[in-house]
Amino acid sequence: MIDRRRFLSSGLALPLIGAATGVYAIGVEPNFILQVKRYSLTPPGWPASLRLRFAVISDIHAGEPFMSATRIRRIAEAANALNPDAVLLLGDYNAGHFFVTKAVEPQQIGEAFSVLRAPLGCYAVLGNHDWWHGPLLTSPSDGTVAIRRALRQAGIQVLENDAVALAKDGQRFWIVGLADQLIDAMAQIDNNAQKLGGDDLDGALAKLSDDAPAILLAHEPFIFPAAPDRVALTLCGHTHGGQVNLPLLGPVVGDLRFGPGHVYGHVVEGGRHMIISGGLGESVAPVRLLRPPEIVEVELGATAEETARLSGL
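Numbering (my numbering), first residue to last: 6 to 318.
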């Protein structure tokens, strides 16, 4: 019988730990864990009496066997269980890697999302993978025609540089949706193009007809530095929260333009607030480590005590 010290010094420990970590990161965390990540806050300018709960779904990256239509439907049902006032979808419905055995077509995605229920409705933006290709990375792009149709038939309104006014308990607020910021990146990157996306934040905000608070939906977090104080909260996806997070080292994937602080979670800069979802699917490879798939629940108008409780203070 070998004791722990002799085992660790035998040279077998690191390979076995590495193999176990690989099995967990490929087979367990991305496929069998679904967590609800909760945020509770009252941004500057947000009426404390306007209490709202949102369920946020991001980066599905549909494709068999990892993200089947059945699994997407279970995610939608889990979002319903949060009893949100509205459901917000942040893009990247198409597959994000080559390890897919069968496409999940846009119609199947829409049918899975059709079970979503919220009194103030469901709203979506599109992501870069929805523009760059079809249901698979090897499928030609149709210019997002099919996924738009599928979401619309599911009762989900797609917002691109557009805004919709909503109200709860007689108090108005706005949902603003930004067009994707990387629409043309694949085609234009070799030409050093300065404008890679279809986003028009100024044009979207110009559609707000009053001073009611606004929530901005944007697939990528790149827009955050440009968001004015007029925007109470920016909600983003795209980064997958780093997807693979190494102990002590943190996320493997980050955006070099903004650094690791813009990869995941609740970001506060200059009094402005952004929440970046860790998402649900994967890109590059079907691997997650220390960033399990998540639905984000956002409570706005929370008291200081509620905020402290959810923050673990």
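Every residue gets a Cβ at the ideal spot worked out from N, C-alpha and C, and that includes glycine. Just so it is clear, the structure is predicted and the values come from calculations on it, not from any experiment.
Identity of the residues DSSP links to residue i by a beta bridge
i	result
I220	I180, L238
H278	L238, V273
V249	L294
A129	L94, V163
L285	L285 is not bridged to any residue.
Y4	Summary: the structure shown does not reach residue 4, with the chain confined to residues 6 through 318, and so no result is reported for it.
E69	K107
L57	L305
V150	The partner list for V150 (beta bridge, DSSP) is empty, contrary to what the question assumes.
L142	Beta-bridge pairing links L142 to no other residue.
Own chain residues within Cβ distance below 7 angstroms of residue i, not counting five before or after
i	result
L187	N133, L201, G202, E225
A53	T47, G306
E110	P140
Nearest-angstrom Cα separation, counted from residue j out to residue i
i	j	result
L183	C241	10 angstroms
V236	Q112	33 angstroms
I114	A67	8 angstroms
I194	A108	Bear in mind that a pLDDT of 48 at I194, under 50, signals an unreliable position, so the number given afterwards is only what the model happens to contain. Between I194 and A108, the C-alpha separation is close to 27 angstroms.
F71	R58	29 angstroms
G276	P89	26 angstroms
L93	L285	14 angstroms
Y98	D207	26 angstroms
A155	Q176	31 angstroms
V181	V289	29 angstroms
I80	I161	16 angstroms
F106	P291	Here the sequence assigns Thr to residue 106, which means Phe is not the residue at that position. Each residue's Cα considered, the two are about 12 angstroms apart.
Close-in-space but distant-in-sequence residues of the same chain around residue i (CB under 6 angstroms, 5 per side omitted)
i	result
H271	Y44, I280
H278	P48, L238
G246	Y269, G283, R296
L131	G96, T149, D185
E299	Q40, K42, G283
L55	Q176, G306
I38	P297
A159	G115, F118, S119
K212	A168
H243	H224, E225
Closest by C-alpha distance to residue i, when choosing among the options
i	options	result
G50	A290, R153, D234	D234
A84	L121, H102, A217, L251	L121
S73	W136, E287, A159	E287
A30	L55, N250, I228	N250
V273	V289, F229, P256	F229
P35	L55, A60, D64	D64
D164	L95, D189, Q40	Looking at the sequence itself, residue 164 is Leu, so the reference to Asp does not match. Closest by alpha carbon: L95.
A190	I62, Y98, D204	D204
A117	R78, V169, V292	R78
A129	G101, P218, I152, K173	I152
D167	A209, Q248, A232, R157	A209
V61	A223, D216, F178	A223
D216	A231, C127, A170	A170
Other residues of its chain near residue i: CB distance less than 8 angstroms, five sequence neighbours each side excluded
i	result
P145	H138, G139
T143	F103
E302	V41, K42, R43, Y44, R58, F59, A60, V61, L87, P89
Burial state of residue i, where buried means 16 or more other Cβ atoms lie within 10 Å
i	result
T75	exposed
L261	With a pLDDT of 45 at L261, under the threshold of 50, the predicted position of this residue should be treated as unreliable, though the coordinate-derived value follows. Exposed, since its Cβ has fewer than 16 Cβ neighbours within 10 Å.
D135	buried
P124	exposed
R293	buried
E82	exposed
P218	buried
P252	exposed
A86	exposed
V33	exposed
G101	buried
A172	exposed
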